[in-house]
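Chains as they are written, first to last, in the numbering used here: chain A, 79 to 253; chain B, 291 to 455.
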C-alpha cells in the first residue's frame, strides 16, 4: 500500500472516529441539544399529558378536526391529539389533513396555546413536494459528480476525469 | 432548511461565479461545491435509520442532527476531501466548505416556529439568533428562482470562456 493510500485511509478512519464521537456527543445534548427539540416528546405527552402543563413545546401535527381545531402529533411509537388555541387568523381556516407547525405553551390537558406568529400551515402534498424535489437535487448532484469524476478502485480514490462525459460548462470545451 | 434542490443549485451558482475570477476552480470543482451544499442534509439518514434504533441497539446516545451543524459538517468535509488524490485535497476541501457555508447562510433565513435560527455553530458555540425567517422548506419559489439564476449563470459562463479563447 503506497504512502498516499495509507495517509488517506488513516485520515478517513480518524474522521469516522471523530464523526462517531460527535454523533454520541450530540445524543448527550452537550453543550446543547443539536436537534433543538423543545418541550416533551410524543411518548411523554401520551404517558402523562397533565404533568407537562406549563411547558413550552415546538411540534407539528396533522389536523383531525378542523372546527376545534385538533391536531394529532405522532411518531412511530406514540400519538396524542391536542386542541390548539390562539392565532385565530391561521387556526380558524384549517382543513382536515393539513399539517400545522407551531410553538406554544401546554396550558391544560390536551390543550396548547400557540404563540403569536409562530404557527404555519401546509398541505400534505407540500411535504411530498419537498421530499421529491430534494431527491431531484440529490440526483442532480450525483449526475454532475459522475460527469466530472470517476472512482479508481485500485488507488482507493475518486479522481477527476481528463474530460467530462458531457461538456456543460464553458471551460469544458477548452483544450 | 430549504429543500436540497435549492441548496445544490445555489452551490453550483456560487462555484461557477467564483470560477470566473479564480482560475484554479476548474469544472470538476463545481460539483464539489454542490456536494458541500448537500452535506448538512445528510442528517436525513434519520429517515432510514432512526437515532432511537441505534441507541436501543448499542446502548449509546446518538443524534444525526450533528451533521447539520458546523462541527459535524466540518468533519464530513475533511472526510470527503480525503477521498481524492493529494494534489486536489486542499481545493476540494475549500469547495466543500464553500458549499456547506452557502447551505447555512440560506438556512439562516428559513422560518422557524421557535423564532430563532438553528444551533448552526454546534458544538463550538451554543448560540441561537432571533430572526424572523421568510420562507419555508416546502415553498416552490426557491427552486424556481435558483434554477432561473443557474440558467443565466450557465449561459454567461459559456459566453465568458468562449470569449476568452
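Each residue gets a CB set at the ideal place from its N, CA and C atoms; glycine is no exception.
Would the stretch 322-329 of chain B and the stretch 373-387 of chain B be scored as touching if the rule is three or more Cβ pairs under 8 Å?
Result yes; three or more Cβ-Cβ pairs closer than 8 Å.
Taking residue 193(A) as part of the alpha helix (DSSP H), name the residues at either end of that continuous run.
Residue 193(A) sits at position 115 when you count from the first residue of the first chain. Premise fails: residue 193(A) lies in the beta strand (DSSP E), 189-200, not in any alpha helix (DSSP H).
For the beta strand (DSSP E) containing residue 352(B), list its first residue and its last residue.
Position 62 of the second chain, counted from the first residue, corresponds to residue 352(B). Counting along the chain, residue 352(B) falls outside any beta strand (DSSP E), and DSSP gives it neither H nor E.
Residue 235(A) - partner residues in DSSP beta bridges:
By 1-based counting over the first chain, the position of residue 235(A) is 157. Bridge partners of residue 235(A): 230(A).
I'd like to know if residue 326(B) contacts chain A, where contact means its C-beta is closer than 7 Å to some C-beta of that chain.
The sequence position of residue 326(B) within the second chain is 36, counting from 1. It does not; no Cβ of chain A falls within 7 Å.
Look at the alpha carbon of residue 392(B) and the alpha carbon of residue 186(A), and state the distance between them as a whole number of angstroms.
Start at 1 with the first residue of the second chain, and residue 392(B) comes out as number 102. Start at 1 with the first residue of the first chain, and residue 186(A) comes out as number 108. Going by the C-alpha atoms only, they are around 42 Å apart.
Let me see if you follow: with CB-CB separation under 7 Å, is residue 450(B) close to chain A or not?
On the second chain, position 160 is the one that residue 450(B) refers to. Answer yes: the Cβ-Cβ gap between residue 450(B) and chain A drops below 7 Å somewhere.
For the stretch 371-382 of chain B against the stretch 243-251 of chain A, are there 3 or more C-beta pairs whose distance is under 8 Å?
Taking 8 Å as the limit for Cβ pairs, the verdict is that the stretch 243-251 of chain A does not touch the stretch 371-382 of chain B.
Which of helix, strand or coil DSSP assigns to residue 181(A):
For the purposes of this step, residue 181(A) is taken as the residue at position 103 of the first chain. Residue 181(A) carries a strand assignment under DSSP once its states are collapsed to helix, strand and coil.
List the residues of chain B that residue 151(A) touches, going by C-beta distances under 9 Å, in chain order.
In the first chain, the residue the question calls residue 151(A) occupies position 73. Within 9 Å of the CB of residue 151(A), no CB atom of chain B is found; the nearest one sits about 13 Å away.
Can you have a look at residue 253(A) and say buried or exposed, based on whether 16 or more other CB atoms are within 10 angstroms of its CB?
Reading the first chain from its first residue, position 175 is the one you call residue 253(A). With a pLDDT of 47 at residue 253(A), under the threshold of 50, the modelled position of that residue is not reliable, and no figure is offered here.
The beta strand (DSSP E) enclosing residue 278(A), as first and last residue numbers:
The structure shown does not extend to residue 278(A), since chain A spans only 79 to 253, so no value can be given for it.
Indicate the three-state DSSP secondary structure (helix, strand or coil) for residue 313(B) in the structure shown.
As a first step, residue 313(B) must be located in the second chain, where it is residue number 23. Three-state result, residue 313(B): coil.
Cβ neighbours of residue 234(A) in the same chain (closer than 6 Å, five flanking residues each side left out):
Here residue 234(A) refers to the residue found at position 156 when the first chain is read from its first residue. Counting only Cβ-Cβ distances below 6 Å, and skipping sequence neighbours, we find 83.
I'd like to check one pair, residue 351(B) with residue 105(A): are the Cβ atoms closer than 7 Å?
Translated into positions along the first chain, residue 105(A) becomes position 27. Translated into positions along the second chain, residue 351(B) becomes position 61. A Cβ-Cβ contact shorter than 7 Å links residue 105(A) with residue 351(B).
To which residues of the same chain is residue 202(A) closer than 6 Å at the C-beta, ignoring the five residues directly before and after it?
As a position in the first chain, residue 202(A) is number 124, starting the count at 1. Once the five neighbours on either side are set aside, the close Cβ partners of residue 202(A) are 175.
Count the other CB atoms, across all protein chains shown, that sit within 10 Å of the CB of residue 95(A); report buried if there are 16 or more and exposed otherwise.
The residue given as residue 95(A) occupies position 17 in the first chain. Around the beta carbon of residue 95(A), a 10 Å sphere encloses fewer than 16 other beta carbons of the protein chains shown; the residue is thus reported as exposed.
Should residue 293(B) be labelled buried (16 or more other beta-carbon atoms within 10 Å of its own) or exposed?
Stepping through the second chain from its first residue, residue 293(B) is reached at position 3. That one is buried.
What separation, rounded to the nearest whole angstrom, lies between the Cα atoms of residue 221(A) and residue 192(A)?
Here residue 221(A) refers to the residue found at position 143 when the first chain is read from its first residue. Here residue 192(A) refers to the residue found at position 114 when the first chain is read from its first residue. Rounded to whole angstroms, residue 221(A) and residue 192(A) show a C-alpha spacing of 44 Å.
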